[in-house]
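See structure below.
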Ligand SMILES: C[S@@+](CC[C@H](N)C(=O)[O-])C[C@H]1O[C@@H](n2cnc3c(N)ncnc32)[C@H](O)[C@@H]1O
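Following this line, the structure appears as structure tokens:
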């Protein structure tokens, strides 16, 4: 991974947003062209890249979509259809590169538009000649994803004095939109790339927020927060924050929303039972479970019991990984997998 987001974060990136807007680069436009729901386009971009990579067209929005969303190379003559100031900005910020023969241009980042905000982040795959190559490293900034949208939809309204803490901020896609309506917004992440991309995205979208490269465990905060968000990487990480982090970081009267994919064991009886088993905070914390409808990260008891596979799932990266995934669930006594949001209040609601 050679792209350096820290360099990018040193620029004032507001002109980039204007240029992307002028080019009509909007998720809704691309999704409409492909007859997809915008969230479905963003939820599974690698699969969509394979299926739709060639059908997006060559309008400026489509060229940007192929470069930065579907992560595919675009022939130089098609890139030349972009405005010269946009081409200059893309090369100037090192967001694209040409191949040695000067025939194709490839993106160095992803750029995702959600609700008028542009988020730059790492590329998790490359579509090279119709083959998907996955590029995941330990220090990576995840683009806005289906899991981000599940949590974003559950975020409660904020007041202008609410202090917000975005734990595991990634691209900043959960907290940057709050910066206009909430009080101070702070994002933290153990990934230095995520922090650099969040800073760049704050600049690009003219949003005011502070980002720090630190895990919540070592985050030495002088204050407590009214709203804490965490789209957690896994179940253990989620409950560690709930049990050990919230008592220190969540203000009395405050609210936290923690998204996770939760394994339900036979002895838990149901999702609530699994949450009760894993939660050890005192009675001043009211923990409720929200379950987004039709989550691509859930696996019902029936489907798991009968060994089936949902028509669409994001629980594994590739089809071929499914049998091993199901075997590992069964060997651990898991009877259901549920994508949930823990909606936690400290004190009375
Ligand atoms: C699933 S991603 C969510 C990114 C972003 N919030 C979103 O919703 O698109 C989880 C993020 O948590 C970060 N992370 C993992 N453990 C952490 C910890 N202990 N403290 C802070 N961030 C952490 C990861 O680096 C990653 O960026």
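In UniProt numbering, the protein residues as written are 1 to 349.
Here a beta-carbon is modelled for each residue, glycine too, at the ideal position from N, C-alpha and C.
Straight-line CA distance for residue 344 to residue 260?
On the chain shown, residue 344 is found 344 positions in, with the first residue counted as 1. On the chain shown, residue 260 is found 260 positions in, with the first residue counted as 1. Each residue's Cα considered, the two are about 13 Å apart.
Give the C-beta separation of residue 352 and residue 187 to the nearest angstrom, bearing in mind that I take them to be a contact with Cβ-Cβ under 8 Å.
The structure shown does not extend to residue 352, since the chain is modelled only from 1 through 349, so no value can be given for it.
For ligand 1, I want to know if residue 34 counts as a neighbour, meaning its beta carbon is within less than 8 Å of at least one of the ligand's heavy atoms.
Taking the chain shown and counting its residues from 1, one reaches residue 34 at position 34. Within 8 Å of the C-beta of residue 34 there is not a single heavy atom belonging to ligand 1.
Going by C-alpha distance, which of 265, 280, 130 and 294 is nearest residue 328?
Residue 328 sits at position 328 when you count from the first residue of the chain shown. For residue 328, the nearest C-alpha among the options comes from 265.
9 Å Cβ cutoff, residue 94 in contact with chain B:
Of the protein chains in this structure there is only one, and it is not chain B.
Measuring straight from C-alpha to C-alpha, what distance separates residue 26 and residue 114?
In the chain shown, counting from the first residue as 1, residue 26 sits at position 26. In the chain shown, counting from the first residue as 1, residue 114 sits at position 114. The alpha-carbon atoms of residue 26 and residue 114 are separated by roughly 8 Å.
Please report the straight-line C-alpha distance between residue 334 and residue 311, rounded to a whole angstrom.
Translated into the one-based positions of the chain shown, residue 334 becomes position 334. Translated into the one-based positions of the chain shown, residue 311 becomes position 311. If you take the alpha carbons of residue 334 and residue 311, they lie about 20 Å apart.
Range of the contiguous beta strand (DSSP E) that encloses residue 125
The sequence position of residue 125 within the chain shown is 125, counting from 1. Unbroken beta strand (DSSP E) run through residue 125: 125-128.
Kindly confirm or deny that the region 68-76 and the region 94-108 touch, where touching means at least three C-beta pairs closer than 8 Å.
Segments in contact, yes.
With distances taken Cα to Cα, identify the nearest neighbour of residue 338 among 28, 292, 86 and 325.
The count along the chain shown starts at 1 and reaches residue 338 at position 338. Shortest Cα-Cα distance from residue 338 to any of 28, 292, 86 and 325 involves 292.
Take the Cβ of residue 340 as the centre, count every other Cβ of all protein chains shown within 10 Å, and call the residue buried at 16 or more, exposed below.
Sequence index remark: in the chain shown, residue 340 carries index 340 (1-based). Per the 10 Å Cβ criterion, buried.
My guess is that residue 193 and residue 234 are in contact by the Cβ rule of under 8 Å, so how many angstroms apart are they, rounded?
For the purposes of this step, residue 193 is identified with residue 193 of the chain shown, where counting begins at 1. For the purposes of this step, residue 234 is identified with residue 234 of the chain shown, where counting begins at 1. The C-beta separation of residue 193 from residue 234 comes to about 19 Å, leaving the pair out of contact by the 8 Å criterion.
Could you pull the DSSP bridge partners for residue 104 from this structure?
Within the chain shown, residue 104 is the residue found at index 104, counting from 1. Its beta-bridge partners are 75.
Going by the DSSP bridge assignment, what does residue 224 pair with across the sheet?
As a working note, residue 224 is residue 224 in the chain shown. Among the bridge pairs identified by DSSP, residue 224 is matched with none.
Quick one: what does DSSP say residue 205 is sitting in, helix, strand or coil?
Counting from one through the chain shown, the residue named residue 205 turns up at place 205. Correct three-state label for residue 205: coil.
What ranges does the beta strand (DSSP E) occupy inside the region 114-171, keeping only unbroken runs of at least 3 residues that lie completely in it?
The region 114-171 contains these whole beta strand (DSSP E) runs: 117-121, 125-128, 131-134 and 164-167.
Residue 294 beta carbon near ligand 1 (any heavy atom closer than 8 Å):
Translated into positions along the chain shown, residue 294 becomes position 294. Checking the Cβ of residue 294 against ligand 1 gives no.
Just checking, does the region 300-315 make contact with the region 224-231 on the three C-beta pairs under 8 Å criterion?
Two segments are said to touch when three or more pairs of C-beta atoms, one from each, lie closer than 8 Å; by this definition the region 300-315 does not touch the region 224-231.
Between the region 306-325 and the region 242-260, do three or more beta carbon pairs fall short of 8 Å?
Touching, no.
Let me know the secondary structure DSSP gives residue 25 once reduced to three states.
Start at 1 with the first residue of the chain shown, and residue 25 comes out as number 25. Three-state DSSP puts residue 25 in coil, outside helix and strand.
Excluding the five sequence neighbours on either side, which residues of its own chain have a C-beta within less than 8 Å of the C-beta of residue 289, listed in chain order?
The count along the chain shown starts at 1 and reaches residue 289 at position 289. Cβ contact annotation for residue 289 (same chain, cutoff 8 Å, sequence separation greater than five): 271, 272, 275, 340, 341, 342 and 343, in chain order.
Taking residue 96 as the reference, which of 44, 10, 4 and 42 has the closest Cα?
Here residue 96 is taken as the residue at index 96 of the chain shown, counted from 1. Sorting 44, 10, 4 and 42 by C-alpha distance to the C-alpha of residue 96 places 4 at the top.
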